[in-house]
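For reference, the structure discussed in these notes is given below.
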Amino acid sequence: MENSLNLAAVTFDGVLALVLLVLAWQLLRSPNLFKAIVLFISFGLMLSLAWVRLKAVDIALAEAAIGAGLTGALFLTALDRLQRNNQKAGDSLTSQPGKVIAGISVLALTGILGWTVWTLPPFSDQMLALVSSNMPISGVENPVTAVLLNFRGYDTLLEIGVLLLAAVGVLAVTPSAVMVADSAPSPILILLLRLLLPFIILVSGYILWIGKYAPGGAFQAGAVLAAGGILLATAAVRFNLSASKALPLATGIGLLIFLLVALATMMLRGNYLQYPVAHAGTLILVIEAAATLSIAAVLVLLFVGVKSDADCPAPGEDSKNFIFEEENTIK
Amino acid sequence: MSLTDLFGSFLLLLAIPFFWGGSLGLLRFPDIYTRLHALTKADNLGLGLVVAGSILISKEWTVGVKLLLIWLAVLTASTISCYLIANAARKRKINPWKIP
Amino acid sequence: MSLIDFLRPMNLPAWIISLPLLAAVVTVVLPRTSRWVGIFIAIIIPLVVVKLCIEILDQGTLQMQVGGWQAPLGIQLYADGLSTAMLAISAIVLGCSTFYARSYFTGKAALRSFWPLWMFLWAALNALFLSADIFNLYVTLELLGLSAVALVALSQTADALSAAMRYLLVSLTGSLSYLMGVALLYAANGTLSLKMLATTAPASPSLSTAFALMAAGLIMKSALFPMHFWLPPAHANAPAPVSAVLSALVVKASFYILMRLWMMIFEPSINPSAAQLIGILGAFAIIWGSVQALLAKRLKLLVAYSTVAQIGYLFLIFPLSSTPQTAQTAWQGGFYFVFSHACAKAAVFLAAGTVIYVFGHDRIDKLHGIVRRMPVSMFAFALAGVSLIGLPPSGGFIAKWLYLNAALTSGQWWWCIIIILGGLLATAYIFRFFSRAFSYLPEVAEGRPAPKIMEWTALGLALCAIFLGLTAPTVTQLLNAGKPF
Amino acid sequence: MTIPLLYALVGVVLLGMGLYSLVMYSHLVRKILALNVSGAGVFLFLVAAADRTSGPLPDPVPHAMVLTGIVVAVSATALALALACRIHQVSGTTQLTDNEPD
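Chain order of the listed sequences is A, B, C and D. 1 is the number of the first residue of the first sequence in my numbering; add one for each residue after it. 1001 is the number of the first residue of the second sequence in my numbering; add one for each residue after it. 2001 is the number of the first residue of the third sequence in my numbering; add one for each residue after it. 3001 is the number of the first residue of the fourth sequence in my numbering; add one for each residue after it.
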């Protein structure tokens, strides 16, 4: 029994590895970009399975929601905009000699890297031991959450910054952040929204909360919430980012709360982000709740920013170039 | 291995042909409408069997409830996305395939 | 709680990182306040950095365990002489450019996105110089890269957008390569702390591969020949204050990381021919960049190619520091280059931006006699030129002098030829512009007057480049504080 | 060959495939896809390495690193796609043109 299970597992991993490679190969070579993107989404879903196999359930959740779902949606909307005017955009390969040179150098790189990986010394357990021994004073029970928000919380703080930065960057190159639907939203879509939206919010809250004990947390919860937001944006006839007043606050609040907690702990306890042990769990939950909101807001914003059609009525360059325009009202 | 386990495994195995058929249809059917048909019908039935089998095998009732919720969520999502895709295809004047 | 408590020396690094980040959030949420927030940061950060300089001169190093966790579990913020000097130079350049930008962007809508991006850029630089954790460095690199790309794209012209895209692709590929190196180092050594890697990482295939990957990624990001192709379009098409900061600081940031990694982790166990190879690339960069600068038709492009050349000098550190006797001289020379080039190049880019502001273009052959329209800016250009060429008493001179010293002591005389040749070529391309700008013509091209602040900030930076030459003892004392290498 | 090693090697190959396509194809969407595939390769290697601990529990630090990496990747992807769309809108091309500013 033990053996046959093992055999099944090995077969599964072998097949999954092969599927990943074939999907990647296909998606990188497919002449049809739409097909490539669809393959990319399936690649992301297969990758989620690989994460589960590698005991990284947190990553599997994030990959399915962000890596495959949201990134895929971003790619599809961008492709739609890019191919609207000229249907078949060229995707020429570099010249034959270039192909050979690039091929040989990439093969060499892959070979060397593969050999390095093959000869890696045994992995040290010291970090795992350190994390495990400090779990009781981390305020949470899921080791990944502990690393993300306590032991290496500073990385996460900067990363929330990266997200906000991306939102600002996307809007900086999107002169008119207004998303217009092709036609009136379908009544079925609205029905779906009615049914799903409350659940989405509930599930997002659940994932946020469960992150303390089990796989889950701010990123996964934010991604789920963002999915709801994107659905909502798709169902709207006209979605004007610039007009929203709440959105800037929602995008910024995650970083703001995180920074304030970090500075407050520094002034009270001496070290940046050093939570008092008794309140670590609460503080982490507060930071995560704010971060969830911001992550969701930014992800929606990224989607709408990429989707928003620059050809639609854009008032004078000067008035529309901003990020968050307060003067504008919904038309 | 108890009887419920056995029956649960049987249901899981029973799901395979449905998934197989759904995937085959997705790959081999001639147009978007027929492919959607294969995908949503066969796969949803397959998923139903997987969920039913898993509920039988799982020992805790909370897990069972979660699985049931997952099934309901997938059913809703797939029904509506199927409708949306078909509707979009119809709006783009993609004609259904006819036997030549 | 008193103010003294607020600014405990231990807390200074955290403030230096947090203040611009807070400012970024505020400028997003309350865009109307952003100009004042920007000015506030441009004043407060240099002050805090001065305080940090004093502490470092006094104590040598400062270390903070973020979250109170020791390495390898937590992340360390670490300030020594070198990182403090980098923070100081960033504060000078970014501070001046902030005031410049305030006038440069007047009335332009792009300003709304400019301020948050600018604050993120500043925070990223500060965080990068203070980080002592290789994965945290990756996050700061991404923060830096994305903000820099978005700032380049702000001009919204077809050229600028294309340049930004190219920059983004190169930057992401570079980060990815660096991240793979981080992954290998972690897989082999089980720690991400720079300090611990420095003491524990043994020579092994994984160490060599990690070095190759990280070096390749960082070289891409700092635009060393032949990976320089993205730099001239990006730096030439960005808004002027952005160009100044990109050339002065952003390319130096990845050089700084590479230098830290090399001196702390890799140098003892990597084949020294790697250093020679990097040096040769540097030499090519000096020649190629200078020649392209000589051929450039636009002023900003000339300045951008000059950056390509000057980056070449930085990488001469690797071969020159290869012998123990010269290591000290060489790395000090290299960082003297970083500082003097930062001030001089920022001054030159700001002056070039003023030229565009005044005349609406920067075609060199149509800029006859502009010195009469903008004497202060052209004086700044001339002073900065002195430093770029490496004439005494500028900072550029000290840098070259230290380099020549290291080259002769270590018996690698051939690098002297390159350094001198580079200086001659720099003279040629700078005087090619001067011969037009300072020529006397009865009628001068028409243009709108430039705001005073734009002219004087450029001059301030150029003066800094000169003063770096006069204050060499203090600067070296700061650099040596805490014995970085 | 162990299971983590298998996935680590797959990660390396994905990185190589992504880099090759990044250099070889000219369409911006393809380049961004290629970068995403390369990134996935690096992440896969990192997590596979974390699963080589002696006990049953994997090392959670690389997991946290990859979560950070995924979020950074989606941010970068969004910025890149928005830039690509803007380039298309301004100059009607979906590729990088080789014009050096003169």
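Idealized CB from N, CA, C, for every residue including glycine. These numbers were taken from a predicted model, which means no experiment stands behind them.
- Contact check for C/Thr2209 against A/Ile112 passes: the beta carbons are separated by less than 8 angstroms.
- In the three-state scheme derived from DSSP, where H, G and I count as helix and E and B as strand, C/Gln2065 is classed as strand.
- Taking C/Ser2410 as the centre and dropping the five residues before and after it, the same chain places the C-beta of Thr2323, Thr2326 closer than 6 angstroms to its C-beta, in chain order.
- When the beta-carbon positions are compared, A/Leu249 and A/Thr292 stay at least 8 angstroms from each other.
- Within chain C, no residue has its beta carbon less than 8 angstroms from that of A/Ile287; the closest one is some 12 angstroms off.
- Rounded to the nearest angstrom, the gap between the Cα atoms of C/Val2475 and C/Leu2468 is 8 angstroms.
- Residue state for A/Gln274 is assigned as coil, using DSSP reduced to three classes.
- Contact with chain D is found for A/Pro143, since one of that chain's Cβ atoms lies less than 8 angstroms from the residue's Cβ.
- Residues of chain C with a Cβ closer than 9 angstroms to the Cβ of A/Gln274 are, in chain order, Gln2065, Val2066, Gly2067, Gly2068, Trp2069.
- Contact annotation: the region 2432–2443 of chain C does not touch the region 2304–2311 of chain C, with fewer than three C-beta pairs closer than 8 angstroms.
- Against D/Leu3035, the close residues of chain C are Leu2169, Leu2172, Thr2173, Leu2176, in the order they occur along the chain (beta-carbon pairs closer than 9 angstroms).
- Only those residues of the region 1057–1083 of chain B whose C-beta falls short of 7 angstroms from the nearest C-beta of chain A are listed: Thr1076, Ile1080, Tyr1083.
- Within the DSSP bridge table, the entry for C/Leu2077 names C/Met2064, C/Ser2131 as partners.
- Closest in C-alpha terms to D/Met3017, from the list D/Ala3076, D/Cys3085, D/Ala3040, comes D/Ala3040.
- A/Val19 and C/Cys2053 have their C-alpha atoms some 56 angstroms from each other.
- Closest in C-alpha terms to A/Gln274, from the list A/Thr282, A/Ala262, A/Leu285, comes A/Ala262.
- For the pair C/Met2064 and C/Met2010, the Cα-to-Cα distance works out to about 7 angstroms.
- Here the alpha carbon of C/Asn2136 sits roughly 9 angstroms from the alpha carbon of A/Arg152.
- Here the region 2289–2308 of chain C makes contact with the region 2344–2354 of chain C; the two share three or more CB pairs at distances below 8 angstroms.
- Where C/Thr2191 is concerned, there is no enclosing alpha helix (DSSP H), because DSSP gives it neither an H nor an E.
- The C-beta of C/Gln2070 has fewer than 16 other C-beta atoms within 10 Å across all chains shown, which makes the residue exposed.
- Around B/Asn1087, the beta-carbon contacts reaching into chain A at under 7 angstroms are Ser186.
- Exposed is the label assigned to D/Ser3054, since fewer than 16 other Cβ atoms lie within 10 Å of its Cβ.
- Sequence-ordered contacts of the region 3051–3062 of chain D with chain C read Arg3052, Asp3059, Val3061, Pro3062 [C-beta pairs closer than 9 angstroms].
- Residue-level contact check: C/Phe2135 touches chain D, since one or more beta carbons of chain D fall below 8 angstroms from its beta carbon.
- Within the DSSP bridge table, the entry for A/Arg84 names no partner.
- Nearest to D/Ser3038 by alpha-carbon distance, out of D/Val3012, D/Gln3095, D/Ile3087, is D/Val3012.
- A direct Cα-Cα distance of roughly 19 angstroms separates C/Thr2354 from C/Pro2232.
- According to DSSP, D/Gln3095 shares a beta bridge with D/His3027.
- For A/Met127, the chain D residues whose C-beta falls within less than 7 angstroms of its own C-beta are Asp3059, Val3061, listed in chain order.
- Under the 8 angstroms criterion on CB atoms, D/Thr3068 is classed as interfacial with respect to chain C.
- Beta-bridge annotation (DSSP): C/Arg2298 is paired with C/Arg2363.
- Between A/Ser132 and C/Thr2061, the alpha-carbon positions lie close to 31 angstroms from each other.
- Ranked by how close their Cα comes to the Cα of D/Leu3033, the residues A/Asn32, A/Lys35, A/Leu28 have A/Leu28 in first place.
- Between the region 2156–2167 of chain C and the region 2127–2136 of chain C there are fewer than three C-beta pairs closer than 8 angstroms, too few to call the two in contact.
- Separation of the CB atoms of C/Gly2095 and C/Pro2046 is rounded to 5 angstroms, and the pair is thereby assigned contact status at 8 angstroms.
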